[in-house]
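By the working numbering, the letter at position 263 of the sequence shown is numbered 306, and the numbering carries on one by one without gaps.
By construction, the Cβ of each residue, glycine as well, lies at the ideal position given by its N, Cα and C atoms.
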Amino acid sequence: MGTDRLEVARSPFRRLRWSADRSRSRAPRGRCGPDRERPTPDAAAARLSEALTLSGYHLKVASSENRLPRLPGRALLSSRKPGSTCVALIAALAFSVTAAVAGTVRSGTEPGVAVDSIVLGGTAPLTGAASRYAAVARGAWAYFQYANNRGGVYGRKIHYRYVDDGDNPAITVTATRQLIQQDKVFAIFNSPGTATNLAVRGELNGGKVPQLFVASGATTWGRDYGQYPYTSGFQPTYQAEGWVYGKYLARTASGSRVAVLFENDDYGKDLLGGLKRGLERSRVKVIAAEAYEVTSTDVASQIAKLRASGADTLVLFATPTFAIQAYQAANRIGWKPKHVVTNAAAAASASMQAASFGGRNRLVNGTISIQFLRDPTDLRSRKDPATGLYRRIMKQYAPGANADDPLYVYGMAAAWTAVEALKKAGKDLTRASLVAALDTFTAMGNPFLLPGIVVKTAGKDHDPIEQMLLRRWQNGSWKAFGGLWAYPAS
44 MGTDRLEVAR SPFRRLRWSA DRSRSRAPRG RCGPDRERPT PDAAAARLSE ALTLSGYHLK
104 VASSENRLPR LPGRALLSSR KPGSTCVALI AALAFSVTAA VAGTVRSGTE PGVAVDSIVL
164 GGTAPLTGAA SRYAAVARGA WAYFQYANNR GGVYGRKIHY RYVDDGDNPA ITVTATRQLI
224 QQDKVFAIFN SPGTATNLAV RGELNGGKVP QLFVASGATT WGRDYGQYPY TSGFQPTYQA
284 EGWVYGKYLA RTASGSRVAV LFENDDYGKD LLGGLKRGLE RSRVKVIAAE AYEVTSTDVA
344 SQIAKLRASG ADTLVLFATP TFAIQAYQAA NRIGWKPKHV VTNAAAAASA SMQAASFGGR
404 NRLVNGTISI QFLRDPTDLR SRKDPATGLY RRIMKQYAPG ANADDPLYVY GMAAAWTAVE
464 ALKKAGKDLT RASLVAALDT FTAMGNPFLL PGIVVKTAGK DHDPIEQMLL RRWQNGSWKA
524 FGGLWAYPAS
C-alpha cells in the first residue's frame with residue numbers, strides 16, 4: 044500500500060481510509076487512528092462479531108488461538124502497518140454490511156445491469172482523420188433513445204456511453220478499460236475500426252465482457268469465434284464483399300484483365316482474397332495489384348503502374364480519401380477502365396461526388412459497389428415506411444445531423460439488432476446469456492437493412508450478415524440492380 048491513501052470500503056456508510064502517513068491518519072470518533080488504544084486480538088474479534096450480528100449477519104469469529112476466517116475481498120488482514128488490524132476488521136465489516144444492502148437490491152445482476160437500465164459502452168473516432176465514422180455511434184445512440192421511449196428491453200432503458208479514441212488503438216485500450224472498470228458497462232458495443240478492436244479483443248474475452256457487433260468487416264471476427272466467443276461482428280465481411288465482386292466479374296466480364304489498388308492491411312488483404320476466391324475457375328484474371336500504406340499521401344504512382352499492366356478493369360479496395368485520389372489520377376492520365384469500388388469508400392454519395400468533380404469526371408459513371416443498408420438518399424424509397432422511420436428518429440434524436448449519411452443508418456441497424464439480441468438473452472440478463480443468445484441467433488425485419496436481409500448466426504457460421512445487393516453509380520446517384528447475393532458459409 045505504500046504511503047498512498049487506500050479507500051477500503053464503498054458503502055452507503057462513511058468511507059474509512061488508512062494512510063501510512065501518521066500526520067494524515069484520522070478515523071471517525073478517534074477509534075482507529077494511530078493514537079488510539081490498540082485492542083487485543085480477542086477484543087477486536089468480539090467487536091467484529093457483535094457488529095456483524097447487529098447488521099443481520101451471524102459469523103463465528105475465531106479467537107486469538109485460531110485463524111481468522113477467510114472473508115471475501117483482498118487479504119487486508121496480512122498488513123503490518125500501524126493500525127492495520129483495526130482497519131482490516133472494519134473493512135471486513137464494511138464489506139459485509141455493503142453486501143447485505145446490495146444483496147437486497149441487485150442480487151444476481153451483472154455489471155451494467157439494473158432493474159431499470161442496461162449500460163453499454165463503446166469507442167469511436169470522434170476526432171481525427173476517421174471522425175466521419177463517429178456517425179456510427181451517434182446513429183446507434185439515436186435509435187436507443189427511440190427504443191427507450193417505447194419500453195426499452197423488458198422495461199430496462201439502454202444507456203449507451205461512447206468515448207473518443209481518435210482511431211488510435213493505444214487510446215482504445217485505455218478508454219475501453221475505463222468503460223469496463225469505472226463506468227461498469229455491461230458490454231462494449233459497435234466500436235468502429237479493425238486495429239482498434241483487435242487491440243482490446245483479447246482483454247475483453249479474457250474478462251468475459253461481450254464485444255458486441257464490432258463495426259468492421261474484418262474476417263477474423265467470425266472466423267475466430269471459437270477462440271474469442273465474446274466477440275461478434277456485424278456487417279458483411281470484407282472477404283464476402285470481395286467474393287461478390289469476383290463472382291459478378293466472372294459472370295459478366297469473361298476474359299477481363301483486372302488491376303487492384305488495395306490498402307496494405309487486413310482490410311485490403313481480406314477484400315483482395317475474397318475477390319480472388321470469387322474469380323476461381325473463371326476466365327477473369329488479376330494481372331496486377333499495387334498496395335498503399337495508411338500513411339501514404341498519394342496513390343498516383345500506383346495508378347500509373349496499374350495502367351501500364353494493360354488491365355481493363357480497376358478495382359479499388361481503398362478508403363474514401365485514396366479512392367477519390369485513384370479516380371482523379373486515372374482521369375489525369377487518360378485511363379478509362381471499368382471501376383469497382385469497395386462499400387467502405389462508396390457508401391457516402393459525397394465521396395463519389397468528390398471523385399467525379401461534381402459530374403465532370405465521367406470515369407466514375409458505371410462504377411460497381413455493394414450495399415446492405417437502406418440508402419437514405421434513394422428518392423425511390425422516400426415513401427417507404429422504414430425510410431420514414433429513420434428520418435423521424437434523426438429529426439427527433441439527432442437534429443442538425445446529416446440524415447443523408449448512411450453511417451447513421453448503419454448505427455441504427457446495429458442498435459436495432461442489439462435490442463433484439465438483448466431480448467433473446469432474457470429478463471435475467473447476464474453477459475453469458477447474451478453470448479449464448481448470439482450463438483444461434485436470427486433477426487428478420489431490421490428496418491435499416493435492405494428488405495430480405497436476415498441477421499443470422501448458427502453453428503460454426505458467426506458472420507451475422509452475408510447478403511448484399513449490387514449497385515451502379517450513374518449520373519450522380521446509386522442505382523441497385525439484380526437480386527440479393529448470398530456469400531456461402533465457410
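Practice item. Would you tell me roughly how many angstroms separate the C-alpha atoms of Gly249 and Ala331, rounded to the nearest one? Key: Residue 249 sits at position 206 when you count from the first residue of the sequence shown. Residue 331 sits at position 288 when you count from the first residue of the sequence shown. The straight-line gap from Cα to Cα measures roughly 42 Å.
Check your understanding: Over what stretch of residues does the alpha helix (DSSP H) that includes Val216 continue unbroken?
Key -> On the sequence shown, residue 216 is found 173 positions in, with the first residue counted as 1. Its alpha helix (DSSP H) spans residues 212-224.
Exercise for review: On a CA-only basis, which of Met487, Asp506, Lys470, Asn518 is nearest Ile161? Give me that one, please.
Suggested key: As a first step, residue 161 must be located in the sequence shown, where it is residue number 118. Taking only the C-alpha atoms, the option nearest Ile161 is Lys470.
Check your understanding: Any idea if Glu509 is buried or exposed, counting beta-carbon neighbours within 10 angstroms, 16 or more meaning buried?
Key -> Taking the sequence shown and counting its residues from 1, the one referred to as residue 509 is at position 466. A residue is called buried when at least 16 other Cβ atoms come within 10 angstroms of its Cβ; Glu509 meets this threshold and is buried.
Point to revise | Check whether Lys183 and Ala429 have beta carbons under 7 Å apart | key: Locating residue 183 in the sequence shown gives position 140, counting from the first residue. Locating residue 429 in the sequence shown gives position 386, counting from the first residue. Before going further, note that residue 183 is Ala rather than Lys in the sequence given. Using a Cβ distance threshold of 7 Å, Ala183 and Ala429 do not count as a contacting pair.
Review point. Looking at the unbroken beta strand (DSSP E) that takes in Val384, where does it start and where does it end?
Key: Position 341 of the sequence shown holds residue 384. Residue range 381-384 is occupied by the beta strand (DSSP E) that includes Val384.
Review point. Using a Cβ-Cβ cut-off of 8 Å (strictly less than) and excluding sequence neighbours within five positions of Gly526, which residues of its own chain qualify?
Key: Within the sequence shown, numbered from 1, the residue matching residue 526 stands at position 483. Around Gly526: Leu512.
Exercise for review: Starting from Gln278, follow the alpha helix (DSSP H) in both directions and report where the run begins and ends.
Suggested key: If you number the sequence shown from 1, residue 278 lands on position 235. Secondary structure note for Gln278: it is in no alpha helix (DSSP H), with a DSSP letter that is neither H nor E.
Point to revise | Length of the line joining the Cα atoms of Ser478 and Arg435 | key: Stepping through the sequence shown from its first residue, residue 478 is reached at position 435. Stepping through the sequence shown from its first residue, residue 435 is reached at position 392. For clarity, residue 478 is Val in the given sequence; the question names Ser instead. Linking Val478 to Arg435 through their CA atoms gives a straight-line distance of about 32 Å.
**Study point:** Where the beta strand (DSSP E) containing Asp471 begins and where it ends
**Key:** In the sequence shown, counting from the first residue as 1, residue 471 sits at position 428. The continuous stretches of beta strand (DSSP E) do not include Asp471, and DSSP gives it neither H nor E.
Review point. So, using beta-carbon positions, are Val243 and Thr219 closer together than 7 Å?
Key: Sequence index remark: in the sequence shown, residue 243 carries index 200 (1-based). Sequence index remark: in the sequence shown, residue 219 carries index 176 (1-based). Yes, Cβ-Cβ distance for Val243 and Thr219 is below 7 Å.
Check your understanding: For the beta strand (DSSP E) that contains Met487, what are its first and last residues?
Key -> Taking the first residue of the sequence shown as position 1, residue 487 is located at position 444. Neither: Met487 is in no beta strand (DSSP E) and is coded neither H nor E.
Review point. How is Ser344 classed by DSSP in three states: helix, strand or coil?
Key: Position 301 of the sequence shown, counted from the start, is the residue given in the question as residue 344. Of the three classes helix, strand and coil, the one that applies to Ser344 here is helix, per DSSP.
Review point. Where are the beta strand (DSSP E) runs, 3 residues long or more, that stay fully inside the segment 223-275, in chain order?
Key: Annotation: the segment 223-275 contains the following complete segments of the beta strand (DSSP E) (minimum length 3 residues), in chain order: 230-232.
Point to revise | DSSP state of Trp184 mapped onto helix, strand, coil | key: Here residue 184 corresponds to residue number 141 of the sequence shown, with the count starting at 1. Three-state result, Trp184: helix.
Practice item. Spell out a yes or no on whether the segment 491-509 and the segment 351-366 are touching, meaning 3 or more CB-CB pairs, one atom from each, closer than 8 Å. Key: Output reads no: the segment 351-366 does not touch the segment 491-509.
Review point. Quick one: what's Phe524 bridged to in DSSP?
Key: Here residue 524 refers to the residue found at position 481 of the sequence shown. In the DSSP output, where bridge partners are listed per residue, Phe524 has Leu513.
Check your understanding: At what residues does the alpha helix (DSSP H) containing Asp159 begin and finish?
Key -> As a working mapping, residue 159 is identified with position 116 in the sequence shown. Taken as a continuous stretch (DSSP letters only), Asp159 belongs to no alpha helix (DSSP H), as it is neither H nor E.
**Study point:** Chain-order list of residues whose beta-carbon lies under 7 Å from that of Pro449 (same chain, five-residue window excluded)
**Key:** In the sequence shown, counting from the first residue as 1, residue 449 sits at position 406. Closer than 7 Å at the Cβ level, and outside the excluded window around Pro449, lie Ala390, Ala391, Leu416, Asp418, Pro419.
Point to revise | Start-end ranges of the beta strand (DSSP E) lying completely within the segment 357-414, minimum 3 residues | key: Runs found: 381-384, 411-414.
Exercise for review: Given a cut-off of 7 Å, decide if Arg204 and Asp226 are closer than it, judged by their beta-carbon atoms.
Suggested key: Numbered from 1 along the sequence shown, position 183 holds the residue referred to as residue 226. Numbered from 1 along the sequence shown, position 161 holds the residue referred to as residue 204. Pairing Asp226 with Arg204 gives a Cβ-Cβ distance under 7 Å.
Check your understanding: Expressed to the nearest angstrom, what Euclidean distance is found between the alpha-carbon atoms of Leu209 and Lys467?
Key -> Counted from its first residue, the sequence shown places residue 209 at position 166. Counted from its first residue, the sequence shown places residue 467 at position 424. The sequence shown places Gly at residue 209, rather than the Leu named in the question. For Gly209 and Lys467, the distance between alpha carbons rounds to 33 Å.
**Study point:** Span of the beta strand (DSSP E), counted from its first residue to its last, around Lys503
**Key:** Numbered from its first residue, the sequence shown carries residue 503 at position 460. For Lys503, there is no enclosing beta strand (DSSP E), as DSSP gives it neither H nor E.
Exercise for review: State buried or exposed for Thr460, treating a residue as buried only when at least 16 other CB atoms are found within 10 Å of its CB.
Suggested key: Residue numbering aside, residue 460 sits at position 417 when the sequence shown is read from its first letter. By the neighbour-count rule (16 or more Cβ atoms within 10 Å), Thr460 is buried.
Practice item. Tell me, to the nearest whole angstrom, how far the beta carbon of Arg514 is from that of Ser412; I am working on the premise that it is less than 8 Å. Key: Stepping through the sequence shown from its first residue, residue 514 is reached at position 471. Stepping through the sequence shown from its first residue, residue 412 is reached at position 369. Right, the Cβ-Cβ distance comes to about 6 Å (below 8 Å), so this counts as a contact.
Practice item. Would you decide whether Asp506 is buried or exposed? Buried here means 16 or more other CB atoms lie within 10 Å of its CB. Key: By 1-based counting over the sequence shown, the position of residue 506 is 463. With a threshold of 16 other beta carbon atoms within 10 Å, Asp506 meets it and is buried.
Practice item. Examine the Cβ distances between the segment 290-307 and the segment 273-281 and report whether three or more of them are shorter than 8 Å. Key: Verdict: no, contact absent.
Exercise for review: Return yes when at least one heavy atom of the ligand ZN lies under 6 Å from the C-beta of Ala529, else no.
Suggested key: Inclusion of the ligand ZN in the displayed structure is not the case, the ligand content being empty and no account of it being possible.
Practice item. Mark Asp341 as exposed unless 16 or more other C-beta atoms lie within 10 angstroms of its C-beta, in which case mark it buried. Key: For the purposes of this step, residue 341 is taken as the residue at position 298 of the sequence shown. Exposed, by the Cβ-count rule.
Review point. When DSSP builds the beta bridges, which residues end up paired with Lys328?
Key: In the sequence shown, counting from the first residue as 1, residue 328 sits at position 285. Its beta-bridge partners are Arg300.
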